[in-house]
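My numbering applies: residue 2 is where the sequence shown begins, and numbers increase by one.
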Amino acid sequence: MEKIFSHIDSHIDETIETLFKMVAQPSISTQNVGFEKAPSLIKNILSEYGLNTQILQTSNNGHPSIFGEYNTNSDKTLMFYTHYDVQPPDPLELWESDPFHPEKRGNRLYGRGMSDDKGNIAARLAAIRAFLDTENNLPCNIKFFVEGEEEMGSKNLMSIIEKNKTLLTADACIWEGGGRNMSDNPFIYLGLKGVLTINMSVRKLSVDAHSSYAPILPSAIERLIKAINSMKNDEGKIIIEGFEEDILDLNNEQIKAILSLPDDTNEWKETFGLDKLGDDLESNEDLKIKLFAEPTANVAGIESGYNGLGMKTVLPAVAQCKMDFRLVPNQDPNKIFELVKKHLVKNGFSDIEIEPIGKVYPYRTEMNSDWVELVKKTAFDVYKKNPVITPNTAGSGPMYEFGSILGIPICSAGIDHPTHKIHAPNENITIEDLTLGAKHIALIMKEFGG
């Protein structure tokens, strides 16, 4: 692997140039910004790196995905899952540079999508080019899937997969993320939580009223808050009937893996300005299990009445909120949606309107698979530190479609680091993380091809 690693090092400026091209092109899926150019740009870049490419359109004019492949004489096929859509850059005033004019400052590269997820695309392409330039071939067949709607819930991914099952068949898959944790150990996850995102709204008046009418008129916002509060008890436990009945319990190996994760509680306290996490009776181990293995019900935002400068005494006619429910195996987001609706009616909130916004199924790869062992071993060989493994992260993504529908075992391996400010202003990546991530991908390809 010496020649391959040397190529990745000596061509890092070329890799950064490719990454900057991708970051400079906006591709904000939730706002439909940049998609008149972004799909063809990604397709052309994959083609320039030696892949046979095509654009996979959705059936309802959604944002297309890009597929590239390289066939060798190998009997092994490795899938790379990534995405080219990004989060909105707001709030813009907190950026130190234009989010879509990538910039190098010292050892860090700044721009929206630099780490999530265009940096991972660039790292995989760097590994592919290293093999093609030095060996004129790849050690295994490669399929490269670049989704265009990951940041908005992957609503069309299932239909794309159903139409292209043969095209997307593979023996193993490297997921988009992974990288290093705060201790610089390689961090590998084997699954993701699912998520159900909903919008709830209620109208109690035909128009806003003067707040002096509060003694005799109903308040939409108070009504909505009562509905939200009905979903949890005073201890914060979700009390929607049937909500937890399908949860698949962790096995001993998964529990052990979660409990062996580094203790990040002090970092969380510092980051979020807290003196303590959880309640007085919860240990750090309890918090780990809660974060990685329990479902959630979260209010992401509420809109109602007046929140501008100065004073306006108003009784809101309408209130709405967005909620997200993080789900664990084997919870079904469609079933959870029906349970939430049933809960509202049963508890006297039939006036609350509810609609789904996004649905993602949870998924985990088995921890004792040969594929997981290969990714762990190669991570140690590249990073020279023992990898940290978790059966799933606290976040969500469309891993179920590849893991369960296509039956592909999945591991993460990437360029991420907690300091990269993913989804936040001043998103960045270090050149070191980009280089190490590319080398790990290259060694995985070599060992997998065998």
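Note that beta-carbon positions come from the ideal geometry of N, C-alpha and C, so glycine has one too.
**OP:** Taking 8 angstroms as the cut-off, decide whether the C-beta atoms of Leu95 and Ile432 are in contact.
**Re:** The residue you call residue 95 lines up with position 94 of the sequence shown. The residue you call residue 432 lines up with position 431 of the sequence shown. Not a contact, by the Cβ cut-off of 8 angstroms.
Original post:
For Lys238, which residues of its own chain have a beta-carbon under 7 angstroms away from its beta-carbon, when the five flanking residues on both sides are left out?
Top reply: Here residue 238 refers to the residue found at position 237 when the sequence shown is read from its first residue. Here the set comprises nothing.
Original post:
Anyone know if the C-beta pair for Leu453 and Met23 falls short of 8 angstroms?
Top reply: Because the chain spans 2 through 451 in this model, residue 453 falls outside it and cannot be assessed.
Subject >> Three-state secondary structure assigned by DSSP to Ser202 >> reply: Position 201 of the sequence shown, counted from the first residue, corresponds to residue 202. Ser202 falls in the strand class under three-state DSSP.
Original post:
Quick one: is Ile217 buried, meaning 16 or more other Cβ sit within 10 Å of its Cβ, or exposed?
Top reply: Position 216 of the sequence shown, counted from the first residue, corresponds to residue 217. Exposed, by the Cβ-count rule.
**OP:** May I have the straight-line CA-CA distance separating Gly279 from Glu246, to the nearest angstrom?
**Re:** The residue given as residue 279 occupies position 278 in the sequence shown. The residue given as residue 246 occupies position 245 in the sequence shown. Roughly 24 angstroms separates the two Cα atoms.
Original post:
If you run the structure through DSSP and keep just helix, strand and coil, what is Arg106?
Top reply: In the sequence shown, counting from the first residue as 1, residue 106 sits at position 105. The answer is strand: DSSP assigns Arg106 an E or B state.
**OP:** Under 8 angstroms by Cβ, that's how I've got Ala443 and Ile9 pegged, so tell me the actual separation to the nearest angstrom.
**Re:** By 1-based counting over the sequence shown, the position of residue 443 is 442. By 1-based counting over the sequence shown, the position of residue 9 is 8. Yes, they are in contact, since the Cβ atoms of Ala443 and Ile9 sit about 7 angstroms apart, within 8 angstroms.
Subject >> Option in Leu193, Leu316 and Lys313 with minimal Cα separation from Arg327 >> reply: Position 326 of the sequence shown, counted from the start, is the residue given in the question as residue 327. Measuring from the Cα of Arg327, the nearest candidate turns out to be Leu193.
Original post:
Can you tell me whether Asp86 is buried or exposed, with buried defined as 16 or more other CB within 10 angstroms of its CB?
Top reply: If you number the sequence shown from 1, residue 86 lands on position 85. So Asp86 counts as buried.
**OP:** Could you spell out the range, first to last residue, of the beta strand (DSSP E) harbouring Arg113?
**Re:** Working through the sequence shown from its first residue, we reach residue 113 at position 112. Unbroken run through Arg113: none, as it is neither H nor E.
Subject >> Pairwise C-alpha distance: Cys412 and Glu374 >> reply: On the sequence shown, residue 374 is found 373 positions in, with the first residue counted as 1. On the sequence shown, residue 412 is found 411 positions in, with the first residue counted as 1. So the alpha carbons of these two residues sit roughly 10 angstroms apart.
Original post:
Per DSSP, what kind of secondary structure is Gln58 in: helix, strand or coil?
Top reply: Here residue 58 refers to the residue found at position 57 when the sequence shown is read from its first residue. Reduced to three states, the DSSP call for Gln58 is coil.
**OP:** Return the chain-ordered list of same chain residues with a C-beta closer than 8 angstroms to the C-beta of Leu139, the five sequence neighbours on each side being excluded.
**Re:** Locating residue 139 in the sequence shown gives position 138, counting from the first residue. Cβ within range, chain order: Tyr71, Thr73, Ser75, Ile129, Phe132, Leu133, Met446 and Gly450.
Original post:
I think Glu163 touches Pro399, with their Cβ atoms under 8 angstroms apart; what is that distance to the nearest whole Å?
Top reply: Stepping through the sequence shown from its first residue, residue 163 is reached at position 162. Stepping through the sequence shown from its first residue, residue 399 is reached at position 398. The Cβ separation is near 13 angstroms, so there is no contact.
**OP:** Please look up how many angstroms separate the CB atoms of Leu169 and Lys144, rounded, as I've assumed it's under 8 angstroms.
**Re:** Within the sequence shown, the letter at position 168 stands for residue 169. Within the sequence shown, the letter at position 143 stands for residue 144. 7 angstroms between Cβ atoms; contact.
Original post:
Does the beta-carbon of Asn142 have 16 or more other beta-carbons within 10 angstroms, so that it is buried, or is it exposed?
Top reply: Residue mapping note: residue 142 aligns to position 141 of the sequence shown, counting from 1. Looking at its Cβ environment, which holds 16 or more other Cβ atoms inside 10 Å, Asn142 is buried.
Original post:
Alpha carbon to alpha carbon, what distance is there between Gly415 and Gly243?
Top reply: Reading the sequence shown from its first residue, position 242 is the one you call residue 243. Reading the sequence shown from its first residue, position 414 is the one you call residue 415. Cα-Cα distance, rounded: 37 angstroms.
**OP:** Would you decide whether Asp434 is buried or exposed? Buried here means 16 or more other CB atoms lie within 10 Å of its CB.
**Re:** Along the sequence shown, one-based indexing puts residue 434 at 433. Buried: at least 16 other Cβ atoms inside 10 Å.
Original post:
Can you tell me whether His102 is buried or exposed, with buried defined as 16 or more other CB within 10 angstroms of its CB?
Top reply: As a position in the sequence shown, residue 102 is number 101, starting the count at 1. That one is exposed.
Original post:
Met80 by DSSP, collapsed to three states: which one?
Top reply: One-based indexing of the sequence shown puts residue 80 at position 79. Strand at Met80.
Subject >> C-alpha gap between Met232 and Glu428, whole angstroms >> reply: Walking along the sequence shown from the start, residue 232 turns up at place 231. Walking along the sequence shown from the start, residue 428 turns up at place 427. Each residue's alpha carbon lies about 35 angstroms from the other.
Original post:
So Val203 and Ala298 are in contact, right, with Cβ under 8 angstroms, and what is the actual spacing, rounded?
Top reply: Indexing the sequence shown from 1 puts residue 203 at position 202. Indexing the sequence shown from 1 puts residue 298 at position 297. 18 angstroms between Cβ atoms; not a contact.
Original post:
Where does Arg106 land, buried or exposed, given buried means 16+ other C-beta within 10 angstroms?
Top reply: Counting from 1 along the sequence shown, the entry for residue 106 is found at position 105. So Arg106 counts as exposed.
Subject >> Identity of the residue in Ile161, Glu49, Ile175 and Phe273 nearest Asn61 by Cα >> reply: In the sequence shown, counting from the first residue as 1, residue 61 sits at position 60. Out of Ile161, Glu49, Ile175 and Phe273, Ile161 has the C-alpha closest to the C-alpha of Asn61.
Original post:
Distance, Cα to Cα, Phe381 vs Asp172?
Top reply: Within the sequence shown, residue 381 is the residue found at index 380, counting from 1. Within the sequence shown, residue 172 is the residue found at index 171, counting from 1. Cα to Cα, the separation comes out at about 22 angstroms.
Original post:
Among residues of its own chain, excluding the 5 on either side of Val196, which ones have a beta-carbon nearer than 6 angstroms to its beta-carbon?
Top reply: As a working note, residue 196 is residue 195 in the sequence shown. If we look at Val196 and ignore the five residues flanking it on each side, its Cβ neighbours are Asp325, Arg327, Val361 and Ser397.
**OP:** At 3 residues or longer, and completely inside the region 425-449: list those beta strand (DSSP E) runs for me, N to C.
**Re:** 429-431
**OP:** Leaving aside the five residues before and after Ile409 along the sequence, list all residues of the same chain whose C-beta is less than 7 angstroms from its C-beta, in chain order.
**Re:** Translated into the one-based positions of the sequence shown, residue 409 becomes position 408. Cβ within range, chain order: Met80, Ala171, Ala173, Cys174 and Phe403.
Original post:
Who are the Cβ neighbours of Ser28 in its own chain at under 6 angstroms, not counting the five residues just before and after it?
Top reply: Here the question's residue 28 lines up with position 27 in the sequence shown. Here the set comprises Gly35, Ala39, Tyr85, Asp86 and Val87.
**OP:** Please work out which residues of its chain come closer than 7 angstroms, Cβ to Cβ, to Asn348, disregarding the five sequence neighbours upstream and downstream, and give them in chain order.
**Re:** For the purposes of this step, residue 348 is taken as the residue at position 347 of the sequence shown. If we look at Asn348 and ignore the five residues flanking it on each side, its Cβ neighbours are Ser231.
Subject >> Span separating the alpha-carbon of Asp91 from that of Glu97 >> reply: Here residue 91 corresponds to residue number 90 of the sequence shown, with the count starting at 1. Here residue 97 corresponds to residue number 96 of the sequence shown, with the count starting at 1. Roughly 12 angstroms separates the two Cα atoms.
Original post:
Applying the criterion that 16 or more other CB atoms from any shown protein chain within 10 Å of the CB defines a buried residue, is His274 buried or exposed?
Top reply: Numbered from its first residue, the sequence shown carries residue 274 at position 273. The amino acid at residue 274 is misidentified as His; the sequence shows Gly. Exposed, by the Cβ-count rule.
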